[in-house]
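K.L.:
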Ligand code: GDP
Ligand code: MG
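In my numbering, the protein residues as written are 502 to 790.
#1: Note the first and the last residue of the continuous alpha helix (DSSP H) segment covering residue 712.
#2: Could you give the distance in angstroms between the alpha-carbon of residue 799 and the alpha-carbon of residue 776?
#3: Please return the same chain residues whose Cβ sits closer than 6 Å to the Cβ of residue 665, not counting the five positions on each side in sequence.
#4: For residue 720, collect the residues of the same chain with a Cβ closer than 7 Å to its Cβ; drop the 5 residues on either side in sequence, then sort them by chain order.
#5: Indicate whether residue 616 and residue 645 have their beta-carbon atoms separated by less than 7 Å.
#6: Does the Cβ of residue 558 have 16 or more other Cβ atoms within 10 Å, making it buried, or fewer, making it exposed?
#7: Using the beta-carbon count (16 or more within 10 Å), is residue 704 buried or exposed?
#8: Assign residue 558 to one of three DSSP states: helix, strand, or coil.
#9: Do residue 520 and residue 605 have their CB atoms nearer than 7 Å?
#10: Along the chain, where does the alpha helix (DSSP H) that runs through residue 508 open and close?
#11: Answer yes or no: do residue 515 and residue 590 have a C-beta to C-beta separation smaller than 7 Å?
#12: Can you find the residues in the same chain that come closer than 7 Å, C-beta to C-beta, to residue 658, ignoring five residues on each side of it along the sequence?
#13: Can you name the start and end residues of the beta strand (DSSP E) that residue 703 belongs to?
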């Protein structure tokens, strides 16, 4: 038996969440075309007959502009420290020099696989060049090319990961998909919809707290707060006559029902908490440890 921890690194939008979803075959990490949607370390677990892999999807590597961003960078560092294997995910259409600088700066002491993603969006010539670029990098044990979106190359990648994982007993029971509570994922699904429905700074000034998660006879009742920083933002989230929040509620409910495989009654409230992003106490309360 083999068991170990796998950290997925990469710039925002490299496809970390998509890859995790491809591995899991279920929508555990949120995916969005906008950057910085993954603030938490999301752990997902694959348990097979002869191995167990525990994945964490780290927040994108970014400059710490706000306290919230500092917490995200701390999460990245923590993920470096407890990984057995690191996946260094690279969007084939990104700048390889910049990615190289970031990968090198992680100071990894564990085996790292450079994973070139979005190969569906590049030709063979480009693929060859990028491969060549990463070939002789010190941190790169090997290079694997995939398309996370089309789950192409991901089975191969999984086998290579298992290769580097140490021998050992599983850390979690076989039926645990993730050690994070379902409540957390529900909050993430709501947050994902905020990213899809609202533009500009709104998603970044918003967090979601799930206050109630109760199993009733025929459905699950979920009550959540959408926390914003200003009254004007509250107005935008609500929309004219409550139009936007209703849309948000409907979209989120559909996804949550699919995820939980159960009927859901979802109630959303919008609350104004000035400067929640810069307030350490509030960050703690909202789960950014
Ligand atoms: P993260 O920020 O690294 O977690 O990136 P996401 O997983 O959220 O992906 C960012 C965007 O890239 C989303 O729109 C994905 O659908 C898209 N994406 C991810 N993997 C691929 C891929 O293999 N091919 C293509 N064409 N798009 C991808
Ligand atoms: Mg992500």
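Glycine included, each C-beta is placed from N, C-alpha and C at the ideal position.
P.N.:
Let me spell this out:
#1: Where residue 712 is concerned, there is no enclosing alpha helix (DSSP H), although the beta strand (DSSP E) it sits in stretches over 708–716.
#2: Only positions 502 to 790 of the chain appear in the structure, and residue 799 is not among them; the question remains open.
#3: Same-chain partners within the cutoff: 586, 612.
#4: Within the same chain, and ignoring the five residues on either side of residue 720 in sequence, the residues whose Cβ sits closer than 7 Å to its Cβ are 763, 764, 765, 766.
#5: The beta carbons of residue 616 and residue 645 sit closer together than 7 Å.
#6: It counts as buried.
#7: Counting Cβ neighbours within 10 Å, residue 704 comes out buried, since at least 16 surround it.
#8: Correct three-state label for residue 558: strand.
#9: No, these two residues do not count as a Cβ contact at 7 Å.
#10: Per DSSP, residue 508 belongs to no alpha helix (DSSP H); it is in the beta strand (DSSP E), 503–510.
#11: Going by C-beta atoms, residue 515 is nearer than 7 Å to residue 590.
#12: Closer than 7 Å at the Cβ level, and outside the excluded window around residue 658, lie 616, 645, 647.
#13: For residue 703, no beta strand (DSSP E) segment is defined, and its DSSP state is neither H nor E.
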